[in-house]
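Engineer: Those protein sequences? They're chains Y and F, same order as listed. Residue numbering for the first sequence follows the working numbering, beginning at 1 and increasing consecutively. Residue numbering for the second sequence follows the working numbering, beginning at 343 and increasing consecutively. Yeah, the Cβ is synthetic: ideal placement off N, Cα and C, and Gly gets one too.
There are 2 protein chains.
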Amino acid sequence: MQMRDVAKRANVSPATVSRVLRQPDLVKKETKEKVIQIINELNYKPNMIASQFRTRETKTILVVVPDITRPFFSEVLRGIEHTALQNGYQVILGDTENRIEREKEYIELLYRKQAEGAVLLTARMDRDSLKELSSQFPVVLACEYMDGLDIPTVSIDNISSARKVTEHLINVGHRKIAHISKGTDVILGKDRQRGYQQAMMSHDLPINPSWVQEGDYDIDSGYKQMVKLLALEDRPTAVFVFNDEMALGSIKAVKDHGLRVPEDIAIVGFDNLPMASFFSPYMTTIDQPKYEIGQKAADLLLRLLKGIFIKRKKIVMKDELIIRESCGFYQKEQLFGEAEKV
Amino acid sequence: MQMRDVAKRANVSPATVSRVLRQPDLVKKETKEKVIQIINELNYKPNMIASQFRTRETKTILVVVPDITRPFFSEVLRGIEHTALQNGYQVILGDTENRIEREKEYIELLYRKQAEGAVLLTARMDRDSLKELSSQFPVVLACEYMDGLDIPTVSIDNISSARKVTEHLINVGHRKIAHISKGTDVILGKDRQRGYQQAMMSHDLPINPSWVQEGDYDIDSGYKQMVKLLALEDRPTAVFVFNDEMALGSIKAVKDHGLRVPEDIAIVGFDNLPMASFFSPYMTTIDQPKYEIGQKAADLLLRLLKGIFIKRKKIVMKDELIIRESCGFYQKEQLFGEAEKV
DNA sequence: CATTTTTATTGAGCCTCTTCATAGACTCGG
DNA sequence: CCGAGTCTATGAAGAGGCTCAATAAAAATG
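1. Can you find at least 3 beta carbon pairs, one from the region 251 to 268 of chain Y and one from the region 192 to 203 of chain Y, that sit closer than 8 angstroms?
2. Under a CB-based cut-off of 8 angstroms, is T464/F close to chain Y?
3. Under 8 angstroms between C-beta atoms, does Y111/Y make it to chain F?
4. Could you spell out where the alpha helix (DSSP H) holding A484/F opens and where it closes?
5. In chain Y, which residues lie with their C-beta within 7 angstroms of the C-beta of K376/F?
6. Distance check for G328/Y and Y672/F, CA to CA, integer angstroms please.
7. Is V658/F buried or exposed, if buried means 16 or more other CB atoms sit within 10 Å of its CB?
8. Under the assumption that E439/F contacts T464/F (Cβ atoms under 8 angstroms), give the Cβ distance between them as a whole number of angstroms.
9. What's the C-alpha gap between K113/Y and S563/F?
10. Along the alpha helix (DSSP H) that carries E447/F, what are the first and last residues, could you check?
11. I177/Y and F240/Y - do their beta-carbons sit closer together than 8 angstroms?
12. By a C-beta neighbour count over all protein chains shown, 10 Å radius and 16 as the cutoff for buried, is Q428/F buried or exposed?
13. Using a Cβ-Cβ cut-off of less than 7 angstroms, list which residues of the region 270 to 293 of chain Y approach chain F; keep chain order.
14. Exposed or buried, Q344/F, counting other C-beta atoms within 10 Å across all chains shown (16 or more means buried)?
15. Can you give me the start and stop residues for the alpha helix (DSSP H) that Q403/Y sits inside?
16. L677/F by DSSP, collapsed to three states: which one?
17. Check whether the Cβ of R4/Y lies closer than 8 angstroms to any Cβ atom in chain F.
18. When we look at the beta-carbon of L169/Y and count the other beta-carbons within 10 Å, is it buried (16 or more) or exposed?
19. In three-state terms, what does DSSP make of L404/F?
20. Starting from T495/F, trace the beta strand (DSSP E) in both directions and tell me its first and last residue.
21. Pick out whichever of R466/F, R396/F, D437/F and L462/F has its Cα sitting closest to the Cα of D409/F.
22. Please list the terminal residues of the continuous beta strand (DSSP E) segment that includes I519/F.
23. With respect to the alpha helix (DSSP H) encompassing Q567/F, which residues constitute its N-terminal and C-terminal limits?
24. Can you find at least 3 beta carbon pairs, one from the region 639 to 649 of chain F and one from the region 418 to 426 of chain F, that sit closer than 8 angstroms?
25. Quick check on I92/Y - is its C-beta less than 8 angstroms from some C-beta in chain F?
26. With a threshold of 6 angstroms on Cβ separation, who are the neighbours of Q540/F within its own chain once the five nearest residues in sequence on each side are excluded?
27. Please compile the residues from chain F whose C-beta is within a distance smaller than 7 angstroms of the C-beta of E75/Y.
28. Ignore the nearest five residues each way along the sequence and tell me which others in D560/F's own chain have a CB closer than 6 angstroms to its CB.
29. Between V481/F and I403/F, which are expected to be in contact by the criterion C-beta below 8 angstroms, what is the C-beta distance as a whole number of angstroms?
30. Which parts of the region 215 to 296 of chain Y are runs of the alpha helix (DSSP H), unbroken and 4 residues or longer, counting only runs that do not cross its ends?
31. Going by Cα to Cα distance, which pick from R517/F, A618/F, L451/F and R444/F is closest to D546/F?
32. Run through chain Y and tell me which residues come within less than 7 angstroms of D437/F, C-beta to C-beta.
33. Between the Cα of P578/F and those of D558/F, P548/F, K594/F and N585/F, spot the shortest distance and give me the residue it belongs to.
34. Can you find a C-beta in chain Y that's less than 8 angstroms from the C-beta of K594/F?
35. To which residues of the same chain is A10/Y closer than 6 angstroms at the C-beta, ignoring the five residues directly before and after it?
36. Quick one: what does DSSP say K374/F is sitting in, helix, strand or coil?
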């Protein structure tokens with residue numbers, strides 16, 4: 001069944017049916033009603049592919065995620081998807097499972113005109129490819145980004161956030177502060193590590209090189225890195241961990257080692273996942289507006305797709321230091337994620 | 343740039359270029375090499391939409407998920423996506439955010455020929471719609487399902503799993519066992535509740551109606567329902583919770599109430615999320631092979647798409663009772679999710 | 001050289017949208 | 001009151017890029 005069938009039944013031309021569907025204002029009221037009635041009667045559904053082919057618009061965006069099972073990303077993804085949908089766009093999911101080469105596979109969808117634009121939550125490909133890509137297609141970076149490229153980007157100020165949370169540890173009296181990072185190959189790893197270093201330096205605190213351990217996102221990894229820190233001669237009294245997942249692992253490692261958080265070792269995380277506020281000790285962390293980052297990124301992409309010029313390319317979202325128990329400066333007990341906000 | 347440009351440059355017809363791309367065996371070696379060279383030279387990328395239009399195949403499947411931020415689903419989703427990709431299919435993501443009406447919106451993509459088939463991780467629409475849908479398009483249900491319909495389905499045997507875990511509680515000596523469920527409007531809620539009832543009945547244990555509380559998936563909800571149970575005159579000594587998230591909330595409620603798990607109240611969960619094996623007390627739960635469910639569902643769908651007849655429509659995946667600490671019968675401490683398996 | 005086999009080309013769609021053309025209704029000034 | 005000019009509503013026709021069936025050409029075989 002196709003448009004011509006509807007047209008025949010309604011005694012109009014296919015063009016009119018098409019108009020009813022896409023530019024209803026151009027059609028006389030009665031004709032329109034007639035056509036709509038027939039459409040419903042026959043339960044006609046336009047073939048989107050034919051339409052996309054003709055208009056050369058797929059109304060589809062690609063979202064490339066490094067790991068969809070991480071709560072942080074799935075929340076951002078939801079923000080993107082929701083916004084896209086509201087604006088009549090579909091989302092093709094590209095989970096790279098942390099494999100760089102898979103980024104490129106997904107991106108082929110742009111070159112092959114399947115998707116009109118992309119939001120990248122991971123951008124590990126080389127700078128030239130990315131530059132080339134963004135010169136040809138609307139692309140927005142979210143969370144991760146790349147320096148020196150003129151690509152619209154949505155993220156928090158990771159350096160400043162990392163500095164803030166490290167400084168909080170310093171303010172409550174810590175001097176030997178370690179950092180479980182995500183290697184500096186990832187821009188976020190680099191930024192958060194830099195923030196940590198800045199905070200330490202500006203307070204004239206030395207950083208023992210072995211205090212900086214490189215983890216790999218997940219709970220287990222946080223556990224393992226913490227075990228290393230615990231084994232040190234010159235053991236730190238506080239640790240700033242790259243993200244909440246690893247921070248949870250770290251806390252567990254401390255407990256398993258017979259020590260207490262925060263009394264013996266303070267630990268702070270990053271991201272403010274739901275579970276960070278649920279387990280004792282409640283975790284001090286940096287809140288990122290995950291859903292909003294997704295929304296904003298989708299919003300920017302949609303604007304690019306409409307050809308709207310974007311003056312401010314770097315959108316910095318507001319983060320928040322959430323002080324709870326794990327840093328050793330907890331003020332009063334509150335239930336369910338409510339906490340003193342700074 | 344299009345195929346004809348490549349053809350011209352290579353002194354062949356567009357049809358030959360098309361064959362090089364799609365049925366290379368039909369083309370003489372030299373011609374093929376020549377064409378490929380030109381393709382690379384010009385960096386030609388075929389227009390997928392035109393191709394899809396012509397062949398009437400989009401190589402795209404739709405995955406409808408009730409809530410992408412829940413770890414259980416994102417793991418299943420990954421299994422689906424991975425398998426789809428391996429077989430040259432793309433995935434359009436449909437996150438309904440638990441709104442039934444949004445299921446239908448996504449499903450329109452099938453009627454409009456955008457997607458060729460669908461995996462539904464949620465099926466709350468009315469039976470007739472679903473029946474109608476599956477009669478017209480390849481559809482596979484995963485996790486949730488609907489009784490009495492001849493639709494391929496992948497899941498564990500929820501009734502038996504629930505019975506198993508409840509019986510374990512009985513075996514370690516509990517008699518007053520409560521259940522925090524997900525209302526019986528959802529088939530999984532019904533099944534797990536039934537398994538619980540079966541176990542209780544077959545051991546002649548009475549169920550106090552107020553022992554069955556209806557939660558809503560997340561940690562907070564588990565907390566709240568547990569608070570209710572704790573307030574009962576006739577307080578249960580053990581609780582079987584619908585899923586791990588709510589079980590974590592329940593455990594927290596017990597602790598906040600000044601009681602211990604499992605000594606005062608035993609708690610068991612369902613799903614075996616990574617975090618279930620990480621927080622003390624380590625949680626006894628039912629392991630579902632999440633990734634494999636996704637793989638299998640995608641696999642079935644792909645077979646349907648190829649027109650292969652599927653004899654066994656109901657695939658029951660193997661679950662596993664993972665005994666850890668929270669049920670009060672922990673045997674020996676093991677790190678990182680390793681536990682006694684039954 | 002005739003016949004079979006292999007390889008390449010021709011041309012017709014796939015279904016929808018949009019431009020252009022037309023016909024009718026309407027406006028308005030002379 | 002009429003003809004020119006405006007609008008409105010519809011139709012006719014073609015294009016969009018690719019693939020496949022039918023056809024033709026070339027190569028291989030006997």
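Structural biologist: This is what the structure holds:
1. no
2. no
3. yes
4. Careful: A484/F lies outside any alpha helix (DSSP H), inside the beta strand (DSSP E) at V481 to A484.
5. Under the 7 angstroms cutoff, chain Y gives no residues; its nearest Cβ is about 22 angstroms from K376/F.
6. Here the model assigns Y672/F a pLDDT of 48, short of 50, so the residue's position is not dependable and the matter cannot be decided.
7. exposed
8. Not confirmed; about 11 angstroms, so no contact.
9. 44 angstroms
10. I442 to Y453
11. yes
12. exposed
13. P274, M275, F278 and F279
14. exposed
15. No statement about residue 403/Y is possible, as the shown extent of chain Y runs from 1 to 342 and does not include it.
16. Any reading at L677/F must be qualified, since the residue scores a pLDDT of 36, below 50, and its modelled position is unreliable; no value is offered.
17. no
18. buried
19. strand
20. T495 to I498
21. D437/F
22. I519 to K524
23. I561 to L572
24. yes
25. yes
26. R505
27. T411
28. E587
29. Contact doesn't hold; Cβ gap of about 10 angstroms is too wide.
30. 219 to 230 and 244 to 256
31. R517/F
32. R78 and E81
33. P548/F
34. yes
35. K34, V35 and I38
36. helix
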